[in-house]
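Chemist: Under the numbering used here, the first residue of the sequence shown carries the number -12, and numbering increases by one thereafter.
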Amino acid sequence: MTPKVGADWTLADTAALSWDGERFTLAPACLNVAAASVCAGVDYSGTATRLDINIDALPLGELMAFVPDSDWKVQGELA
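1) Beta-carbon within less than 7 Å of leucine 13's beta-carbon, same chain only, minus the 5 sequence neighbours each way: which residues are those?
2) For alanine 52, which of helix, strand or coil comes out of DSSP?
3) Given this structure, state the Cα-to-Cα distance separating aspartate -5 from cysteine 17, to the nearest angstrom.
4) Could you check which residue in Asp58, Asp39, Pro15 has the C-alpha nearest to that of aspartate 0?
5) Roughly how many angstroms separate the alpha carbons of leucine 65 and glycine 8, rounded to a whole number?
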């Protein structure tokens, strides 16, 4: 992904995705930006949903790429 501001995000590797009409799954998909990574996996069955998220060394300033026209100011790092 190339945001309006901030560094480019890249997909670390392929992630398995499946849908059988009743169940949706996404194996952990990881996006990297600089030395940081954000990984998410989903398992949705219609009656239950599981969402796994792993964040490593994410500078909060990178989140501004998703709200560039905002007056928000963030600083720090999620580890």
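Idealized CB from N, CA, C, for every residue including glycine. On a predicted model such as this, the values are computed, not experimentally measured, just so you know.
Modeler: With the given structure in hand:
1) Ala2, Leu4, Gly28, Val29
2) helix
3) 14 Å
4) Pro15
5) 36 Å
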